[in-house]
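These notes concern the structure reproduced below.
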Amino acid sequence: MSDQPLRSPATSRVTPLTDTAATDYEVALESLNQWQLAWRRFRRHRLALVGVGILGVMVFLAIFGPIIWPYDPLALRRDLPGPQGFNPLQMPPFGSDGSGRSVFVLVANGARLSMLIGTTTMLIAVTIGVLIGAIAGFFGGWIDNLLMRFVDLVLSIPFLFIVLVAARFFGAGELVPLILIFGLLSWPSLARLVRALYLSLREQEFVLAARAVGVGDLRIALRHILPNAIGPIVVSATLIVANAIILEAFVSYLNFGLKAQDISWGNALARSQERIAVGNWWWPFFPGMAIALTVIAINFLGDGLRDALDPRSKE
Amino acid sequence: MTVPATVTSSARPAGDSDILLEVRDLRTYFHVLDGTVKAVDGVSFTIRRGQTIGLVGESGCGKSVTALSIMRLLDIPPAEIASGEIIFEGRDLLALSEEEMRHVRGNDIAMIFQEPMTSLNPVYTVGDQIAEAVMLHQRLSKKEAWNKAIEALRAVGINNPERRVKQYPHELSGGMRQRVMIAMALSCDPKLLIADEPTTALDVTIQAQILELIKDVQDRTGTALMLITHDLGVVAETVHDVLVMYAGRIVETGTVEDVLLAPKHPYTEGLLRSIPSRGMKGQRLNVIKGTVPNPFNMPKGCNFAPRCPYAFEPCAEYDPRIEDANPPDVACWLYTPAPGSPVPPRVRPRRPVEVGA
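Heads up: the sequence lines are chains A and B, in that order. For the first sequence, counting from 1, position 4 maps to 4 in my numbering; every step adds exactly one. For the second sequence, counting from 1, position 288 maps to 288 in my numbering; every step adds exactly one.
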């Protein structure tokens with residue numbers, strides 16, 4: 001073949017195979033993996049860093065608050081100012097309610113349950129949503145159709161109705177059923193997202209190339225496609241956390257939430273209703289602020305993650 | 001290894017044990033909304049051990065679908081392998097379970113794709129990806145597989161493979177990535193390497209390097225090579241034998257010298273004439289008139305007849321098949337007498353066609 005007279009001009013002069021030294025500069029550069037690159041981009045996202053800061057404070061409060069201020073949040077405290085309540089700018093921080101309960105201790109204790117509800121709801125929703133979305137998008141066809149109609153069904157369930165029914169079955173104010181309901185109703189949008197990601201990623205050439213070297217379905221779905229879909233999944237997961245915290249507050253406000261002795265932000269807010277009339281604005285204000293700040297912080301975080309984890313980002 | 005002795009279109013005087021892959025009357029159809037597209041419509045050929053074969057034709061003629069059918073990588077549905085056998089080392093690949101087929105892919109038959117930019121998974125290092133291919137087929141520890149990945153990169157002419165192996169695809173150039181793809185394909189010593197337009201997405205200087213590399217590793221490892229391309233220059237460079245495809249059929253076969261220097265089929269001739277040459281300065285480029293027939297509405301007779309400058313009476317009526325052709329290397333009524341047609345074939349002598357000048 002080497003002395004064929006047929007060579008086309010385009011391919012006639014073949015250069016030696018080895019790289020020239022000139023191209024070797026690439027080797028000198030530091031190799032960054034997906035997460036390192038994402039972290040670089042994330043660090044440049046100001047709002048996301050603010051969000052992380054606020055969340056850090058909230059998590060600190062949730063973990064250490066009740067340890068540092070080891071008061072029973074529901075106990076009436078004689079050492080706190082009297083029945084008229086107190087200006088929050090004086091001691092104790094955030095003021096107290098008329099009976100001498102410290103709003104601060106309430107908020108610190110509430111952080112635990114609110115965060116717990118947020119994160120466990122998210123874990124349940126992500127597990128189900130990723131599983132169903134991945135199966136639907138990966139296999140397509142009638143499996144996809146079946147699962148997506150199931151998603152439609154779940155989306156059509158009136159949320160409040162389920163909470164009411166569950167309150168009847170499990171007794172109102174139980175924590176575990178509440179989290180389960182939140183989790184079991186929060187996954188459909190994530191499943192749709194994951195399905196869409198799988199539908200587009202499975203057509204990628206690298207998936208075909210992986211199949212061509214003999215990689216099986218399960219490994220393709222978990223090892224080859226999932227890591228490429230992780231960015232949008234993480235972003236969506238953060239929003240589920242925020243949503244669950246708001247849901248809890250909403251449900252507790254309607255008195256279908258947690259029992260009175262379980263302290264959460266939603267609960268604290270609900271309990272403050274009658275206090276607003278008395279003029280003790282700090283009683284609802286601080287739990288409300290805790291919810292709002294946390295949700296905003298999580299949204300900032302999600303925003304930063306979306307930019308950081310976008311593989312098409314050129315920064 | 002015994003291969004059932006059968007008659008196929010490419011009547012080569014090769015011993016049976018010499019035959020690595022035998023494709024018999026492969027028909028791959030796509031069922032889409034508007035009807036059925038016969039992407040591959042009765043293709044038969046054989047590849048001997050160590051043979052290099054080029055599959056040539058325009059876009060959409062069924063080259064890639066033929067390759068994907070052999071690898072069984074088509075999505076079924078919409079695709080359907082309507083009939084045919086793909087005998088690889090005595091086993092019909094179409095009859096294997098998916099599990100058995102997974103052991104063939106990568107291990108016995110490896111494939112390189114057109115787009116090196118997108119054929120590697122962006123979230124893993126090239127070493128991870130080569131090592132994965134190795135570990136799927138060989139009982140090796142992670143460390144051993146990793147070392148094998150380094151060796152594979154060295155074998156495809158990548159400098160400093162110990163560093164490169166830890167890099168991510170986005171850190172490599174297109175040519176470098178195609179080298180990685182070749183390294184991955186060869187990491188398990190396949191008996192057949194299918195290269196689907198391996199240089200189309202690369203620029204010309206890199207193309208030459210990659211072709212040289214493919215030829216070089218083919219020489220060294222003795223693997224058979226099936227090169228799919230629309231570029232006749234690439235074929236001339238790389239392979240011994242050529243299959244020319246048109247509209248889902250093989251229309252001409254032969255050695256690269258025969259087919260490129262003295263094409264028989266008018267389509268092959270048209271392909272060669274449409275390559276611009278130096279002597280043509282100032283002239284209009286030659287083209288094959290018309291377009292590939294509508295896949296939903298193929299002509300009754302020869303698929304190429306509507307575009308063929310030599311078409312005569314039988315061409316519109318009778319469909320030439322290379323299986324029935326005599327001489328057996330071209331499906332054209334210019335050579336084979338049309339059955340039931342009173343018109344005798346007008347045999348044209350092989351005529352040299354100037355390529356590239």
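Don't be surprised by glycine CBs; every beta carbon is placed ideally from N, CA and C.
- Message: Between which two residues does the beta strand (DSSP E) holding E252 of chain B run?
- Response: 249-255
- Task: State the DSSP-derived secondary structure class of A152 of chain B, mapped to helix, strand or coil.
- Result: helix
- Under 7 Å Cβ-Cβ, which residues of chain B neighbour F206 of chain A? T118, S119, L120, N121
- Query: Hey, which unbroken runs of the alpha helix (DSSP H) at 4 residues or more fall wholly within the segment 198-246 of chain B?
  - Reply: 204-221, 232-238
- Item | Rounded C-alpha distance that separates S141 of chain B from V215 of chain A | 17 Å
- Task: Classify V37 of chain B as buried or exposed, calling it buried when 16 or more other Cβ atoms lie within 10 Å of its own Cβ.
- Result: buried
- Going along chain B, which residues have a C-beta under 9 Å from G328 of chain A? Outside the shown range of chain A (1 to 315) lies residue 328 of chain A, about which nothing can therefore be said.
- Expected contact under 8 Å - CB spacing of I182 of chain B and V204 of chain B to nearest Å: Contact doesn't hold; Cβ gap of about 18 Å is too wide.
- Task: Taking the CB atoms as reference points, tell me whether I130 of chain B and M184 of chain B lie closer together than 7 Å.
- Result: yes
- Item | For M111 of chain B: DSSP bridge partner residues | B:I194
- In DSSP terms, what V56 of chain B is bridged to: B:T229, B:V244
- How far does the beta strand (DSSP E) with L21 of chain B in it reach, from first residue to last? 19-32
- Task: Rounded to whole angstroms, what's the CA-CA distance from F30 of chain B to I117 of chain A? Just pull it up for me.
- Result: 50 Å
- Task: Assign F104 of chain A to one of three DSSP states: helix, strand, or coil.
- Result: helix
- Query: Which partner residues does D92 of chain B have in the DSSP bridge list?
  - Reply: B:I87
- Beta-carbon neighbours of A38 of chain A, restricted to chain B and to distances below 9 Å: None at all; the shortest Cβ gap to chain B is about 11 Å.
- Task: Could you tell me whether the Cβ of F113 of chain B comes closer than 7 Å to any Cβ of chain A?
- Result: yes
- Limits of the alpha helix (DSSP H) - the one that I246 of chain A falls within: 226-253
- Anything in chain A within Cβ reach of R273 of chain B, meaning under 8 Å, just list it in chain order. Simply none; closest approach about 14 Å.
- Task: Report buried or exposed for K215 of chain B, applying the criterion of at least 16 other Cβ atoms within 10 angstroms of its Cβ.
- Result: buried
- Message: Suppose the cutoff is 6 Å on Cβ atoms and the five residues either side in sequence are ignored; what does the same chain contact list for D196 of chain B look like?
- Response: S64, A67, F113, Q114, I228
- Item | Residue from A:F182, A:A209, A:A167, A:L160 with nearest C-alpha to A133 of chain B | A:A209
- Message: Beta carbons nearer than 7 Å to chain B: which residues of the segment 214-246 of chain A have them?
- Response: G214, V215, G216, H224, P227, N228
- Item | Stretch pair the segment 80-94 of chain B + the segment 270-281 of chain B: three plus CB contacts closer than 8 Å | no
- Per-residue burial, Q273 of chain A [other beta carbons within 10 Å of its own, 16 or more giving buried]: exposed
- Query: Just reading off the alpha helix (DSSP H) that D189 of chain B is part of, what are its end residues?
  - Reply: Per DSSP, D189 of chain B belongs to no alpha helix (DSSP H) and is neither H nor E.
- Query: Going by other Cβ atoms of all chains shown within 10 Å of its Cβ, with 16 needed for buried, is W146 of chain B buried or exposed?
  - Reply: buried
- Query: Mapping DSSP to helix, strand and coil, what is S173 of chain B?
  - Reply: coil
- Query: So, is N303 of chain B buried or exposed, given that buried needs 16 or more other C-beta atoms within 10 angstroms?
  - Reply: buried
- Query: Is S200 of chain A helix, strand or coil by DSSP?
  - Reply: helix
- Looking at the structure shown, is D41 of chain B part of a helix, part of a strand, or coil, going by DSSP? strand
- Message: Any beta carbon of chain B sitting closer than 7 Å to that of A136 of chain A?
- Response: no
- Going along chain A in order, which residues have a C-beta closer than 9 Å to the C-beta of G279 of chain B? Within chain A, no residue comes near G279 of chain B; the closest Cβ sits about 12 Å away, beyond 9 Å.
- Item | Minimum C-alpha distance to L147 of chain A - residue among A:I298, A:I135, A:F285 | A:I135
- Message: When you compare the CB of A209 of chain A with every CB in chain B, is at least one pair closer than 7 Å?
- Response: yes
- G62 of chain B beta carbon less than 7 Å from that of G248 of chain B: yes
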